[in-house]
Amino acid sequence: MLLGVAGGMVVVAGGFVAAYFVLGTHSEARAATTTAREPEVQVQPVTVEPPPALAGYLDREVELVTGHGSVKVTWSEIGASIDKTELATTRGGDLAALAAKGSLPLHIDRDKAAKALFEIKAKHDLSPISAYLDLEEKKIHDDRPGQGLDVWASLPRLVAGARQGATKLELAH
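Printed below as a string of structure tokens:
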């Protein structure tokens, strides 16, 4: 019985190998064959000048609220810039309506924003303090939990805040 099953497996494997060689297309070397390409059409980029009011959004101050305080910076200091490709496709010039929808054509440079957030983190993070007993004053000091700024979770909040033209933004901690 065992020889019958093993023999059947050999026959099936032989059928697979034969089908591979018979049905496979070995008559054409695909890597060496050139294909006809359509002519490339070069599209000139559309340059649209941003409205002055939009450039004013970059100079506005935003209050970044951390767990330990707040910092006031401008949007351009934390990496916001005008997204020219989105500006070309944006319909309507009412910036207040675009801000209400969260559709201002602004872009956040993640590297510059992360660098700015790490600077804020260095100044505003609080280390935890364990409870301790002061033997000289005979006083028990309570513990205090630490508070830290989560830079990577704050980046999406910065992007959303920039596109909404926010003036106050709470960062993740």
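With my numbering applied, the sequence shown covers 7 to 179.
Cβ atoms here follow ideal geometry from the backbone N, Cα and C, with glycine treated the same way.
Of the residues E69, A128, V28 and A19, the one whose Cα lies closest to the Cα of G167 is E69. Three or more Cβ pairs drawn from the region 91-111 and the region 163-178 lie within less than 8 angstroms of each other, which places the two stretches in contact. Within the region 92-151, complete beta strand (DSSP E) segments of at least 3 residues are found at 112-114, 138-140 and 145-147, given in chain order. Inter-residue distance for R163 and A59 is about 23 angstroms (C-alpha atoms, whole angstroms). Contact between A122 and V79 is confirmed by a C-beta separation of about 7 angstroms, below the 8 angstroms threshold. With 16 or more neighbouring CB atoms inside 10 Å of its own CB, T72 falls in the buried class.
Between the C-alpha atoms of E55 and L93 there is a straight-line separation of about 9 angstroms. Pairing E46 with D89, the inter-Cα distance amounts to about 26 angstroms. Annotation: E67 to V157 spans about 20 angstroms, alpha carbon to alpha carbon. When beta bridges are read from the DSSP output, T173 appears opposite no residue. With distances taken between CA atoms, T91 lies nearest to P111 out of R43, D148 and P111. Remark: C-beta atoms of D115 and A86 approach each other more closely than 9 angstroms. H130 is classed as buried because its beta carbon has at least 16 other beta carbons within 10 Å across all chains shown.
No residue range can be given for L155, since it is assigned to no alpha helix (DSSP H) and is classified by DSSP as neither H nor E.
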